[in-house]
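Participant: Here's a structure for you.
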Amino acid sequence: MWTLANIITLIRIALIPPFVYFVNEGAFGLALGIFFAASVSDFFDGYVARRFNQHSSVGRLLDPLADKILTTVGYIVLALPRAGIPSIPIWLAALVVGRDVAILLGSLIVFLKARYREFKPSLIGKLNTFAELGLIVSFLALNSTGYLLFLVPYLYWIVATTVIASGLSYLATGVGILRLHSINRSPELLESKQL
1 MWTLANIITL IRIALIPPFV YFVNEGAFGL ALGIFFAASV SDFFDGYVAR
51 RFNQHSSVGR LLDPLADKIL TTVGYIVLAL PRAGIPSIPI WLAALVVGRD
101 VAILLGSLIV FLKARYREFK PSLIGKLNTF AELGLIVSFL ALNSTGYLLF
151 LVPYLYWIVA TTVIASGLSY LATGVGILRL HSINRSPELL ESKQL
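First residue of the sequence shown: 1, per my numbering; consecutive thereafter.
Right, dumping it as structure tokens:
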């Protein structure tokens with residue numbers, strides 16, 4: 001477990017509490033620096049794992065978990081209303097977190113029913129991740145400088161669109177896997193395989 005790649009991932013998780021603290025204090029510039037460092041560490045742990053062959057089952061679980069915790073906590077803390085401190089809409093944070101919970105539950109259902117575990121991010125899913133991270137960075141950067149704040153509401157709708165589109169995409173994929181599993185287990189198909 002204690003590979004360099006996994007240690008970098010753990011550092012990313014350890015950066016979350018100070019990120020939350022600075023957001024709550026309205027110190028968006030410092031929060032942005034911490035969030036940027038955490039995001040960059042995501043690249044480095046993957047690079048180290050590939051470069052030094054440090055792939056592990058722990059790393060495969062820990063890396064996406066760290067990413068999801070960082071993003072989820074980011075949206076929740078940025079949506080909390082605080083006097084005199086800008087926040088993102090609660091509905092947007094609920095949409096982002098709700099999609100992730102729905103995907104997690106859907107993946108569990110697919111695994112339990114079809115024993116399928118080879119889940120891979122779709123193109124729209126990757127675009128959604130990019131949009132979600134981009135909004136956090138942009139929100140912190142624009143509010144810390146005070147420039148181009150008129151762009152922020154447009155970013156909300158871009159994220160909302162990719163959240164809904166990626167959610168529907170994963171739903172269609174999950175339903176397709178379950179249907180294929182159901183067909184493969186149908187009595188007629190089982191009889192034909194036995195002949």
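A virtual CB, placed ideally from N, CA and C, is assigned to each residue, including glycine.
All values derive from a computational prediction rather than experimental measurement.
Closer than 8 angstroms is the cut-off here; do at least three beta carbon pairs connect the stretch 48-64 with the stretch 76-92?
Facilitator: Segments in contact, no.
Participant: Go ahead and label F111 buried or exposed: buried means 16 or more other beta carbons lie within 10 angstroms of its beta carbon, across all protein chains shown.
Facilitator: By the 10 Å Cβ count, F111 comes out exposed.
Participant: If you run the structure through DSSP and keep just helix, strand and coil, what is R117?
Facilitator: DSSP places R117 in coil when its eight states are reduced to three.
Participant: Considering Cα atoms alone, identify which of T161, T162, F139 is closest to L151.
Facilitator: Among T161, T162, F139, the Cα nearest to that of L151 is on F139.
Participant: Among I103, S107, L95, G29, which one has its Cα closest to the Cα of W157?
Facilitator: Closest option to W157, Cα to Cα, is L95.
Participant: Is it buried or exposed, Y75, if we count other Cβ atoms within 10 angstroms and call 16 or more buried?
Facilitator: Buried, because 16 or more other Cβ atoms sit within 10 Å of the Cβ of Y75.
Participant: Does the beta-carbon of L108 have 16 or more other beta-carbons within 10 angstroms, so that it is buried, or is it exposed?
Facilitator: L108 should be labelled exposed.
Participant: Inspect the beta-carbon positions of R99 and G176 and report whether they are closer than 9 angstroms.
Facilitator: Not in contact: R99 and G176 (Cβ atoms no closer than 9 angstroms).
Participant: With the cut-off set at 9 angstroms, would you say F19 and A31 are in Cβ contact?
Facilitator: Yes.
Participant: Under the rule that 16 or more other beta-carbon atoms within 10 Å means buried, what is A37, buried or exposed?
Facilitator: By the 10 Å Cβ count, A37 comes out exposed.
Participant: State buried or exposed for F130, treating a residue as buried only when at least 16 other CB atoms are found within 10 Å of its CB.
Facilitator: Counting Cβ neighbours within 10 Å, F130 comes out exposed, since fewer than 16 surround it.
Participant: Looking only at its own chain, which residues have a Cβ that is under 6 angstroms from the Cβ of L149, when we skip the five neighbours before and after it?
Facilitator: Within the same chain, L149 has close Cβ partners L142.
Participant: Assign I103 to one of three DSSP states: helix, strand, or coil.
Facilitator: Three-state result, I103: helix.
Participant: Taking C-beta to C-beta, are T162 and S122 nearer than 9 angstroms?
Facilitator: Taking 9 angstroms as the Cβ cut-off, T162 and S122 do not qualify as a contacting pair.
Participant: What number of angstroms, rounded off, separates the C-alpha of T3 from the C-alpha of I183?
Facilitator: Whole-angstrom Cα-Cα distance: 43 angstroms.
Participant: What does DSSP give as the partner residue(s) for I85 in the beta ladder?
Facilitator: Answer is R82.
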